[in-house]
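Under numbering that gives the first Met the number 0, think of the first position of the sequence shown as 0, with each following residue one higher. Note that beta-carbon positions come from the ideal geometry of N, C-alpha and C, so glycine has one too. Since the structure is predicted, the reported quantities are computational estimates derived from the model, not experimental observations. Down below is the structure, laid out as structure tokens.
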Amino acid sequence: MKEQELQEIKQYFERKKIECLIQKTAYEKWLTVITPFRWMAIALGVILPAFLGISIFTESGLVTMSNWKIICSSVLLISSIVSGLHTALKCDSHQQECLRLSKQYESLANKFEFACTNNQDEIDSQKKILNEKYTELIENTSTTPASWCLNSAKKAYQ
Numbered sequence: 000m001k002e003q004e005l006q007e008i009k010q011y012f013e014r015k016k017i018e019c020l021i022q023k024t025a026y027e028k029w030l031t032v033i034t035p036f037r038w039m040a041i042a043l044g045v046i047l048p049a050f051l052g053i054s055i056f057t058e059s060g061l062v063t064m065s066n067w068k069i070i071c072s073s074v075l076l077i078s079s080i081v082s083g084l085h086t087a088l089k090c091d092s093h094q095q096e097c098l099r100l101s102k103q104y105e106s107l108a109n110k111f112e113f114a115c116t117n118n119q120d121e122i123d124s125q126k127k128i129l130n131e132k133y134t135e136l137i138e139n140t141s142t143t144p145a146s147w148c149l150n151s152a153k154k155a156y157q
């Protein structure tokens, strides 16, 4: 293998490493947005219906506000809407997939970086193997981060 070919492969590894780091960063940014929403949806789905239980005390005279049943019913409605959205949007599986992809891209970036240190005999085979892993990762991706997360990550690596 000529020195020029070797340098081209090393540059290829560097480009792929950066592409992986961009994707990893984009997924991490997206996770910082969706994780609080997930916890809010779970908390509201558990806590808000508990307020409905307080309406039991209105019959016993312990709670005398005349509009308490309306308040509790409204809270229960909001809780069911938030829980329904959480389920319909498949927030749990989406978050798990984003976390998996972030870690996969980080691992692949490390492999591309390490491949540059291999000797000449191994570097060509490493290019093929890593390129297959990169392509497989892209093909097996069922979700993407928000475009603003991807754009922000690209700016960070320019």
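Taking a contact to mean a Cβ-Cβ separation below 9 Å, would you say Leu172 touches Ala25 in this structure?
Residue coverage of the chain in this structure runs from 0 to 157, which leaves residue 172 outside it and unanswerable.
Helix, strand or coil for Asn130 per DSSP?
In the sequence shown, the residue the question calls residue 130 occupies position 131. If DSSP states are grouped into helix, strand and coil, Asn130 belongs with the helices.
Where Gln3 falls: helix, strand or coil (DSSP):
In the sequence shown, counting from the first residue as 1, residue 3 sits at position 4. Of the three classes helix, strand and coil, the one that applies to Gln3 here is helix, per DSSP.
Within 8 Å, do at least three Cβ pairs link the segment 127-134 to the segment 106-113?
Counting Cβ pairs under 8 Å, three or more are found: they touch.
Just curious, the alpha helix (DSSP H) that Gln95 is in, first and last residue?
Residue numbering aside, residue 95 sits at position 96 when the sequence shown is read from its first letter. Cys90 to Ala114 is the extent of the alpha helix (DSSP H) around Gln95.
So what's Ala145 in DSSP terms, helix, strand or just coil?
Working through the sequence shown from its first residue, we reach residue 145 at position 146. Looking at Ala145 - three-state DSSP - the assignment turns out to be coil, as it is neither helix nor strand.
Say whether the segment 95-105 touches the segment 28-35, bearing in mind that this needs 3 or more beta-carbon pairs closer than 8 Å, one atom from each stretch.
Output reads yes: the segment 28-35 touches the segment 95-105.
Can you give me the C-alpha to C-alpha distance between Leu43 and Ser141, rounded to a whole angstrom?
In the sequence shown, residue 43 corresponds to position 44, counting from 1. In the sequence shown, residue 141 corresponds to position 142, counting from 1. For the pair Leu43 and Ser141, the Cα-to-Cα distance works out to about 28 Å.
Whole-angstrom C-beta distance between Ala40 and His93, which should lie under 8 Å:
The residue you call residue 93 lines up with position 94 of the sequence shown. The residue you call residue 40 lines up with position 41 of the sequence shown. With 8 Å as the limit, His93 and Ala40 do not qualify as a contact, their Cβ atoms being about 12 Å apart.
Hey, out of Val81, Lys16 and Glu27, whose CA is closest to Ser101's CA?
The residue you call residue 101 lines up with position 102 of the sequence shown. Comparing Cα-Cα distances from Ser101 to each of Val81, Lys16 and Glu27, the minimum goes to Glu27.
Do you know how far the Cα of Gln157 is from the Cα of Ile21?
Sequence index remark: in the sequence shown, residue 21 carries index 22 (1-based). Sequence index remark: in the sequence shown, residue 157 carries index 158 (1-based). In this structure, the CA atom of Ile21 is about 10 Å from the CA atom of Gln157.
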